[in-house]
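Asker: Top line first, the protein sequences correspond to chains A and B.
Heads up: the first sequence runs through residues 4 to 275, numbered per the numbering used here.
Heads up: the second sequence runs through residues 12 to 128, numbered per the numbering used here.
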Amino acid sequence: MSACPLILTILGGVAAGTLGALLGLGGGVFLIPFLVLVLNVPMHQAIATSIVAVIATSSAGAAMNVERGTVNIRLGMLLEIVTVLGALAGGVTASVLRGEVLAKIFAALLLVISGTMAVNRRFTSVHPYEPRGERSRLAGEYYDEAARETVSYRVRNLPATMAVSFVAGNISGLLGLGGGIFKVPAMYLLSGIPMKAAAATSNFMIGVTAAAGAFIYLSEGHLNVLVAAPAGLGVLAGSMLGVRLSRVLRAESLKMVFVVVLALAAFQLLIR
Amino acid sequence: MNEQNRQAERWISFTLRIGVLTSALLLGTGLVVEFLRPHAANEVTDPLEILRAVLSREETPPGMILLSAGLLILMFTPVVRVMTALGTFMLEKDRAFSFVAIIVLVMFILELLISLA
């Protein structure tokens, strides 16, 4: 790879990471279409690259969230058993599927994500978590800086959240995405975990889930250092930039633009 | 939240931070080195192949070694994080969650062995 595509890959990674952080999605949603459609990277290589980027952003974010105390480490570790199993199944499935088939599955998921963004369903207005009652070892508490209060909660309906986490792990291994789009609502709505703790715990788990998928892609020879390194570093830098920008920019106003961009990328991948 | 839990959180956070920083440093340096080097058409770009070449003392571009090392460290960071969590659960004498961490680790080890076989 010459210097020009190397720079283009870094810039693409920065853009994907920034947009991902601004919209609360992982960078992979933007990175994979960019690599496949703009740089003509094979689908398997693009997914492997996205998985590496997911590990980088998840680990960096989790380091901060763990220190703030918003991550429910025990719940995360328990759910990791099923997400890792899901990622292994997804990675093995991906290794036997052709790149074109993977691209079409990815395109279908992009359409679902852009549709969800268009509907713009928000969960933050509901507070289904249960601060009282018998506390198990999975119960958690954290200090909410915005509300200036300590939030306590207990975890209910764990088998349902575990089932959704398996699916999220499977998507991670199969398509190189974090799967937070499924896990966070499941933890919030099914297990009654407050949104901040659900998002932080999901992010904490993503690194381990993605690493499980990454080793399969690595052993299959789909990881290209000259693509994964610049893209991964770019996404990491972009996600940090996105977090800062989200404090001053209103991502809501940009959302509809990205709904259209994602839908167009999905159609491009479908007809390719 | 007790002091033991806070200590565990600090260790886990520290592990993740060190992993990401080390990897970012290697990837950044590797990219600068590779940026300055002209590339051949059929160059080996698979990190495992590069690792094998280094172990068998074949001539390998330094930038590619740095990039491969950065990627491998990044990929192993979550695994080391699980090991750290296991250590903290054991110190807390939490047998149930030590067992959970061991299950996750065993799955990783089995996967690695099967993948590399």
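The beta carbon of each residue, even a glycine, is placed where N, CA and C say it ideally should be.
Compare the C-beta of B/E122 against all C-beta atoms of chain A and say whether one is closer than 7 Å.
Answerer: Yes - at least one Cβ of chain A is within 7 Å of the one on B/E122.
Asker: Which residues, in order along the segment 67-84 of chain A, keep a beta-carbon less than 7 Å from a beta-carbon of chain B?
Answerer: So the list reads V69, E70, G72, I76, R77, M80, L81, E83 and I84, given in the order they occur along the chain.
Asker: Confirm, please, whether the CB-CB distance from A/G181 to A/G29 is below 7 Å.
Answerer: Yes, these two residues count as a Cβ contact at 7 Å.
Asker: According to DSSP, is B/E54 part of a helix, a strand, or is it coil?
Answerer: DSSP places B/E54 in coil when its eight states are reduced to three.
Asker: Per DSSP, what kind of secondary structure is A/V44 in: helix, strand or coil?
Answerer: Correct three-state label for A/V44: coil.
Asker: Residues of chain A with CB closer than 9 Å to the CB of B/V181, please, in chain order.
Answerer: For residue 181 of chain B there is no data in the structure shown, the boundaries of chain B being 12 and 128.
Asker: Can a CB atom of chain A be found closer than 7 Å to the CB of B/E4?
Answerer: Only positions 12 to 128 of chain B appear in the structure, and residue 4 of chain B is not among them; the question remains open.
Asker: Could you please tell me which residues of the segment 214-237 of chain A, in chain order, have their CB closer than 9 Å to any CB of chain B?
Answerer: The segment 214-237 of chain A vs chain B, Cβ under 9 Å: A214, A215, A217, F218, I219, L221, S222, E223, G224, H225, L226, N227, V228, L229, V230, A231, A232, P233, G235 and L236.
Asker: Among A/E103, A/V211 and A/I76, whose alpha-carbon lies nearest the alpha-carbon of A/Q271?
Answerer: A/Q271 has its Cα closest to that of A/E103, out of A/E103, A/V211 and A/I76.
Asker: Could you name each continuous alpha helix (DSSP H) segment of 4 residues or more that falls completely within the segment 187-223 of chain A, going from the start of the chain to the end?
Answerer: For the segment 187-223 of chain A, whole alpha helix (DSSP H) runs of length 4 or above, ordered along the chain, are 198-222.
Asker: Once you ignore the five residues that flank B/E45 on each side, which residues in its own chain have a CB closer than 6 Å to its CB?
Answerer: Here the set comprises G74.
Asker: Examine chain A for any beta-carbon lying closer than 7 Å to the beta-carbon of B/M3, and answer yes or no.
Answerer: Outside the shown range of chain B (12 to 128) lies residue 3 of chain B, about which nothing can therefore be said.
Asker: So that I know if they touch, is there some Cβ in chain B lying closer than 7 Å to that of A/S62?
Answerer: Cβ-Cβ to chain B under 7 Å: yes for A/S62.
Asker: Using a Cβ-Cβ cut-off of 7 Å, state whether A/A51 counts as contacting chain B.
Answerer: With 7 Å as the cut-off, A/A51 does not count as an interface residue toward chain B.
Asker: Can you give the Cα-Cα distance for A/I196 and A/V263, rounded to whole angstroms?
Answerer: So the two alpha carbons sit approximately 32 Å from each other.
Asker: From A/I10, A/A66 and A/G16, pick the residue whose C-alpha is nearest to that of B/F25; which is it?
Answerer: Residue A/A66 is the option with its Cα nearest to B/F25.
Asker: Against B/S67, what residues of chain A qualify as contacts under a CB-to-CB distance less than 9 Å, listed in chain order?
Answerer: Residues of chain A passing the Cβ test: none, with the nearest at roughly 18 Å.
Asker: Counting C-beta neighbours from all protein chains within 10 Å, is the total for B/Q18 16 or more, i.e. buried, or is it exposed?
Answerer: Result: exposed.
Asker: For B/S126 and A/V85, I'd like the C-alpha separation in whole angstroms.
Answerer: For B/S126 and A/V85, the distance between alpha carbons rounds to 19 Å.
Asker: My guess is that A/L236 and A/G16 are in contact by the Cβ rule of under 8 Å, so how many angstroms apart are they, rounded?
Answerer: With a Cβ gap of about 7 Å, A/L236 and A/G16 count as contacting.
Asker: Consult DSSP for B/V103 and reduce its assignment to one of helix, strand or coil.
Answerer: Note on identity: in this sequence residue 103 of chain B is Glu, with Val being the wrong assignment. Looking at B/E103 - three-state DSSP - the assignment turns out to be coil, as it is neither helix nor strand.
Asker: Please specify which runs of the alpha helix (DSSP H), each continuous and at least 4 residues long, are wholly inside the segment 60-106 of chain B, giving them in chain order.
Answerer: For the segment 60-106 of chain B, whole alpha helix (DSSP H) runs of length 4 or above, ordered along the chain, are 73-102.
Asker: Using a 10 Å radius around the Cβ and a threshold of 16 neighbouring Cβ atoms, would you call B/T56 buried or exposed?
Answerer: With 16 or more Cβ atoms within 10 Å of its Cβ, B/T56 is classed as buried.
Asker: At the level of alpha carbons, what is the spacing between B/L97 and A/G143?
Answerer: The alpha-carbon atoms of B/L97 and A/G143 are separated by roughly 19 Å.
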